[in-house]
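In what follows, a structure is listed as structure tokens, so that the remarks can point back to it.
Numbering (the working numbering), first residue to last: 1238 to 1658.
Shown next as structure tokens:
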């Protein structure tokens, strides 16, 4: 995504620390589960290691909004190039540490700094509790404060996090850290006093601190940090296992819908609504999705004819240009369509792919209108019959997250398509 740091590879590191002794005491006294405590001790000792792709995947995609201009795949295609450009312009790397090229939160675009905060916070919580991106939901529960909490469920209890990001100076300190800490505490106090239906098990605050590095500074003795603030156990009213299941179903319904207009997405949306209002959601376990005639929905050899597939249809997605020379792949493991059809709740709740990065040649099926948008001559590519698409041979690295989402940047390959049939 950003330029590779060849010397230090693909890993960036965040120190994990408590905000202060008071917050350390609160966290240690309230952290749920002995396994989680051991994981926290490990992170405090070794730091949080995350691949660049995983970190920026959270930063770029987590803020996807459900409002006009952000809802459809066409919206996504139009907005992604600018968003990627912002990260490349404002952030970089130095000896395995993500750094800001601008000093102070006000000099960088606020949403970019906030997105770094979201990415650092959610990756940290994932490591502690075994979550992945399909587990998180953004909730807004108060009109008096912008409560942009994320909440996930282990299946036994809820974890809620208020994520903040800030840029720190050369001394590793920033007045904005105190401001972010106070904002988290104010919001959490309001949250505890609210009458919201979902009562939280543990509330965390995480401030992700990105160090500033000027162009004149040739040294790299900088540290990025994730500062932990106190959790506060509360009574749980909603079933946490049902919440986790619905979080995952909604994630896949929304994101698989971005790459497929399949009827599966519509039927899945209806099933989600039924489960939401059910008193016993296990009644729908293994009750597969059906069509109007009552037959089980099927994925067949023609299901992905107009989509771009990788590794013999094991990955399916869409490819579109983001500049005159660069393409972007957005897709998922194709098995997820059958996982959604089968509705085996145990399989859905436990679905987790290994994080992977791999280089591939991709026969991309690209919309002609997308190519025209960047002034790319579509006539030099092979036209796909009965469609508004052409076939473009591309190559590049693809990144797969735990949720099965696959993304990557591709460039046009001048090799013959005939070699790849």
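Note that the Cβ used here is the ideal one computed from N, Cα and C, for glycine as well. Just so it is clear, the structure is predicted and the values come from calculations on it, not from any experiment.
8 angstroms Cβ cutoff met for residue i and residue j
i: residue 1580; j: residue 1523; result: yes
i: residue 1327; j: residue 1338; result: yes
i: residue 1447; j: residue 1335; result: yes
i: residue 1605; j: residue 1318; result: no
i: residue 1486; j: residue 1502; result: no
i: residue 1250; j: residue 1284; result: yes
i: residue 1564; j: residue 1647; result: yes
i: residue 1320; j: residue 1492; result: no
i: residue 1542; j: residue 1571; result: no
i: residue 1561; j: residue 1544; result: no
CA-to-CA distance, residue j to residue i, given in whole angstroms
i: residue 1506; j: residue 1387; result: 22 angstroms
i: residue 1567; j: residue 1497; result: 11 angstroms
i: residue 1653; j: residue 1601; result: 13 angstroms
i: residue 1373; j: residue 1617; result: 43 angstroms
i: residue 1252; j: residue 1365; result: 14 angstroms
i: residue 1391; j: residue 1614; result: 50 angstroms
i: residue 1582; j: residue 1532; result: 20 angstroms
i: residue 1405; j: residue 1353; result: 13 angstroms
i: residue 1622; j: residue 1553; result: 20 angstroms
i: residue 1264; j: residue 1627; result: 55 angstroms
i: residue 1679; j: residue 1294; result: Outside the modelled stretch of the chain, which goes from 1238 to 1658, sits residue 1679, for which no answer is possible.
i: residue 1475; j: residue 1515; result: 12 angstroms
Of the residues the options, the one placed nearest residue i, counting alpha carbons only
i: residue 1269; options: 1572, 1609, 1395 and 1567; result: 1395
i: residue 1619; options: 1477, 1603 and 1402; result: 1603
i: residue 1504; options: 1574, 1549, 1551 and 1265; result: 1574
i: residue 1569; options: 1548, 1340, 1516 and 1609; result: 1548
i: residue 1330; options: 1557, 1514, 1457 and 1526; result: 1457
i: residue 1629; options: 1557, 1332 and 1644; result: 1557
i: residue 1521; options: 1577, 1550 and 1544; result: 1577
i: residue 1290; options: 1599, 1360, 1607 and 1400; result: 1360
i: residue 1526; options: 1538, 1500 and 1540; result: 1500
i: residue 1591; options: 1257, 1282, 1288 and 1259; result: 1288
i: residue 1462; options: 1282, 1475, 1259 and 1587; result: 1282
i: residue 1351; options: 1400, 1322 and 1389; result: 1400
Integer-rounded CB distance, given that residue j should sit under 8 angstroms from residue i
i: residue 1483; j: residue 1585; result: With a Cβ gap of about 10 angstroms, residue 1483 and residue 1585 do not count as contacting.
i: residue 1371; j: residue 1640; result: 4 angstroms
i: residue 1442; j: residue 1402; result: Not really, about 12 angstroms apart at Cβ, beyond 8 angstroms.
Residues near residue i by beta carbon distance below 7 angstroms, same chain, minus five either side
i: residue 1277; result: 1268 and 1365
i: residue 1593; result: 1637
i: residue 1286; result: 1248 and 1250
i: residue 1645; result: 1566, 1633, 1634, 1635 and 1636
i: residue 1513; result: 1483
i: residue 1650; result: 1598, 1630, 1631 and 1632
i: residue 1459; result: 1331, 1334, 1336, 1448 and 1450
i: residue 1314; result: 1557 and 1607
Own chain residues within Cβ distance below 8 angstroms of residue i, not counting five before or after
i: residue 1369; result: 1363, 1589, 1638, 1639 and 1640
i: residue 1625; result: 1604, 1605 and 1606
i: residue 1609; result: 1615
Chain-order list of residues whose beta-carbon lies under 6 angstroms from that of residue i (same chain, five-residue window excluded)
i: residue 1596; result: 1634
i: residue 1494; result: 1502
i: residue 1255; result: 1261 and 1465
C-beta neighbour in chain D for residue i, strict 8 angstroms
i: residue 1502; result: No chain D appears in the structure shown, which is made up of a single protein chain.
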